[in-house]
Amino acid sequence: MDHPKKPFVLMTAFVGSHLTAVLPIAQNLASQGYDVYFLAATARRNVVEATGAKFVPLLGAADFTEEDFGSLGPGKTESQKSGPEGLIYDMIHYFLNPIPAQYESIQNALRDFEAKDAGRPVVMLNEAAFGGAMCVKLGAPGLHPAGLISIGIVPLPITSVDTAPFGPGLPPDSTPAGRERNIAMSKQILETLFKEPQVAFQNALTIRLPDRFVQMCHPALEYPRSDAPSNIVFAGSFPPSESGNWANRPEWWNDVAINSEKKRIVFVCQGTYQTNYKDLILPTMEAFRDDPNVLVVAALGVRDSSIPSETVPANCRVVDYIPFEEILPYATVFVTNGGYGGVQKAISAGVPMVIGGVTEDKPEVAGRVEWAGIGMNLRTATPTKEAVFEAVNEIWSNPKYTQKVQEIAADLKNSYRPFATVAKAIDEIVAGHKDGNAS
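According to the working numbering, the sequence shown is numbered sequentially starting from 1390.
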């Protein structure tokens, strides 16, 4: 018999930007009348409850935020601060080790649902980096939800005969020679670099196991794969937030919003994690120091931060924080370290990009932006001012970049409804559960 109420929705997410990226989904589902519960670190209770979802605390070793990374392992050696060794360290201590406690947290929540309303379906909605959710599809003992939907908010980290292994940012190649390369590289990585933690295996599981894998981007930002799993659905990017709610506009904001001299506006942001302004912001400011026709707007990415005033040229404006929805409509190009969320916002705004980032998934983000024809890949996190100048001028002098990203932006607006896509996946799983079918 159909249950008279909508299903319980149990959401989970990893920390930091992984969590903040999926909070809009929680808010939207709650506003539609779904009974949303969100497993999160105790320290993030307020941000979860602000969405209208009910907060459920993570237990034991799963109860941490990005601010606790330093205490989750023995500490990084110098060689583990970047590159493959750093990736392995992160995967073991931040992603894999917490899985047992994450799964116990899930079981605790499922037991509560059973006590509240036995027989009412539960659908898990999992940000894909939260590995504990995979246990429900691998036969782990305990209660199981009606289905599992994973949300992808980073480039798809999946092996394919058509693409190189995830990490270095190599372009796809589906030619016979390219496929031979791809297969050989994937085999080598599995047998050597990632043999112990089996990172590549874990990445594949997070995509192939869920009943639905909802990737939050336009398909133009992903490589075509002839062997892609059938459970992947592209939902498009989240729609931009309403502008106009920014309370602390700087006194120089009219230089941007009115721009009476019609200058070309370059927006540069270092990101919220790798925040050394000398990496990307300083070379961008220096690249256009003597150009009266350019206005550089720099966001430092950390609240209440600042940089020495003597480093700021007259044609630059610096602020600690600026909502992307406020600045991107005025920008002609976005210089970024390649954070996935910022790139998605730039695409939605129709702004081409110059990307300088080499840590985490940033080489893969940069590679996709370059491949899609919507920006330039600097292939370094510390470019020279000359490199930034050349890349920005390539975008200005060749309209194909702006035209392409604006085509994608228009298609996102006209053809994609990300929140509706997630809700549809939930309803389909519940319908299959009622019919006694596997989702």
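Each residue gets a CB set at the ideal place from its N, CA and C atoms; glycine is no exception.
Checklist line | Start and end residues, alpha helix (DSSP H) containing Met-1674 | finding: 1670–1676
Notebook entry, point to check: What separation, rounded to the nearest whole angstrom, lies between the Cα atoms of Phe-1590 and Lys-1465?
Noted result: Residue confidence for Phe-1590 is low, a pLDDT of 47 falling below 50, so the modelled location carries little weight; the figure read from the coordinates is stated next. Their Cα atoms are separated by approximately 23 Å.
Check: Measuring CA to CA, which of Met-1605, His-1607, Phe-1627, Asp-1600 is closest to Pro-1618?
Finding: Asp-1600
Check: Rounded C-beta distance between Thr-1725 and Met-1742? I'm assuming under 8 Å.
Finding: 6 Å
Next item on the list: For the alpha helix (DSSP H) containing Ala-1401, list its first residue and its last residue.
Entry: As written in the sequence, residue 1401 is Thr, which differs from the Ala given in the question. From DSSP, Thr-1401 is part of no alpha helix (DSSP H) but of the beta strand (DSSP E) over 1397–1401.
Notebook entry, point to check: Considering only residues of the segment 1593–1666, which uninterrupted alpha helix (DSSP H) runs meet the minimum length of 4 residues and lie entirely inside it, listed in chain order?
Noted result: 1643–1646
Next item on the list: Using a threshold of 9 Å, state whether the C-beta atoms of Gly-1513 and Ile-1495 are closer than that.
Entry: Just to set this straight, residue 1513 is Met in the shown sequence, not Gly. By the CB criterion at 9 Å, Met-1513 and Ile-1495 fall inside the cutoff.
Next item on the list: Rank Cys-1705, Gly-1745, Ala-1517 by C-alpha distance to the C-alpha of Thr-1664 and give the top, closest one.
Entry: Comparing C-alpha distances from Thr-1664 to each of Cys-1705, Gly-1745, Ala-1517 shows the shortest one belongs to Gly-1745.
Note to self: In the DSSP output, which residue or residues are listed as bridge partners for Val-1511?
What the structure shows: Val-1511 is bridged to Phe-1397.
Note to self: Which of the three DSSP states is assigned to Asp-1479 in this structure?
What the structure shows: helix
Checklist line | Residue range of the unbroken alpha helix (DSSP H) whose run includes Ile-1716 | finding: Residues 1713–1716.
Checklist line | Segment limits, alpha helix (DSSP H) that includes Pro-1561 | finding: It is not in any alpha helix (DSSP H) - Pro-1561 carries neither H nor E in the DSSP assignment.
Notebook entry, point to check: In its own chain, which residues sit with a C-beta less than 6 Å from the C-beta of Ile-1815, not counting the 5 before and 5 after it?
Noted result: Val-1512
Notebook entry, point to check: Looking at the structure shown, is Tyr-1426 part of a helix, part of a strand, or coil, going by DSSP?
Noted result: Assigned with DSSP and collapsed to three states, Tyr-1426 falls in strand.
Notebook entry, point to check: beta strand (DSSP E) containing Ile-1763: first to last residue?
Noted result: Counting along the chain, Ile-1763 falls outside any beta strand (DSSP E), and DSSP gives it neither H nor E.
Next item on the list: In the DSSP assignment, find the unbroken beta strand (DSSP E) run with Leu-1447 in it and report its ends.
Entry: Unbroken run through Leu-1447: none, as it is neither H nor E.
Check: For the putative contact between Tyr-1426 and Val-1411, defined by C-beta atoms under 8 Å, what is the C-beta separation to the nearest angstrom?
Finding: The Cβ separation is near 14 Å, so there is no contact.
Check: Are Pro-1544 and Asp-1551 touching if we call contact CB-CB under 9 Å?
Finding: no
Next item on the list: My understanding is that Val-1740 touches Val-1722, with C-beta atoms under 8 Å, so please give their C-beta distance in whole angstroms.
Entry: 7 Å
Next item on the list: Go ahead and pull the three-state DSSP assignment for Ala-1770.
Entry: coil
Notebook entry, point to check: What are the start and end residues of the beta strand (DSSP E) that includes Thr-1725?
Noted result: 1722–1725
Check: Cα separation between Arg-1706 and Ser-1563?
Finding: 45 Å
Check: If we call anything under 9 Å between Cβ atoms a contact, is Phe-1484 one with Ser-1539?
Finding: no
Notebook entry, point to check: With distances taken between CB atoms, is the gap from Val-1645 to Ile-1716 smaller than 9 Å?
Noted result: yes
Notebook entry, point to check: So who's on the other strand from Cys-1705, going by DSSP bridges?
Noted result: Val-1685
Check: With a Cβ-Cβ cutoff of 9 Å, do Arg-1433 and Leu-1408 count as a contact?
Finding: yes
Next item on the list: Determine the direct distance from the alpha carbon of Phe-1778 to that of Lys-1802, and round the result to whole angstroms.
Entry: Rounded to whole angstroms, Lys-1802 to Phe-1778 spans 31 Å at the Cα level.
Checklist line | Rounded distance between the beta-carbons of Cys-1658 and Ala-1703, thought under 8 Å | finding: Contact flag wrong, Cβ pair sits at about 21 Å.
Next item on the list: Please report the residue range of the alpha helix (DSSP H) in which Val-1411 lies.
Entry: 1406–1420
Checklist line | Rounded straight-line distance, which links the Cα of Tyr-1423 to that of Leu-1399 | finding: 10 Å
Note to self: Short of 6 Å in beta carbon distance, which residues of its chain neighbour Gly-1520, apart from the five on each side in sequence? Order them along the chain.
What the structure shows: Phe-1484, Ile-1488
Notebook entry, point to check: If you draw a straight line from the C-alpha of Leu-1598 to the C-alpha of Thr-1810, how long is it?
Noted result: 19 Å
Item checked: Own chain partners of His-1822 with C-beta closer than 8 Å, once the 5 adjacent residues on each side are dropped -> Pro-1510, Ala-1535, Gly-1536, Ser-1828
Margin query: My assumption, with CB atoms under 8 Å, is that Val-1708 sits in contact with Pro-1639. Please give the rounded CB distance.
Written below: 5 Å
Checklist line | Own chain, CB closer than 8 Å to Val-1691, minus 5 neighbours either side, in chain order | finding: Thr-1661, Thr-1664, Asp-1709, Tyr-1710
Check: Cβ of Gln-1416 within 9 Å of Cβ of Thr-1431?
Finding: Going by C-beta atoms, Gln-1416 is not nearer than 9 Å to Thr-1431.
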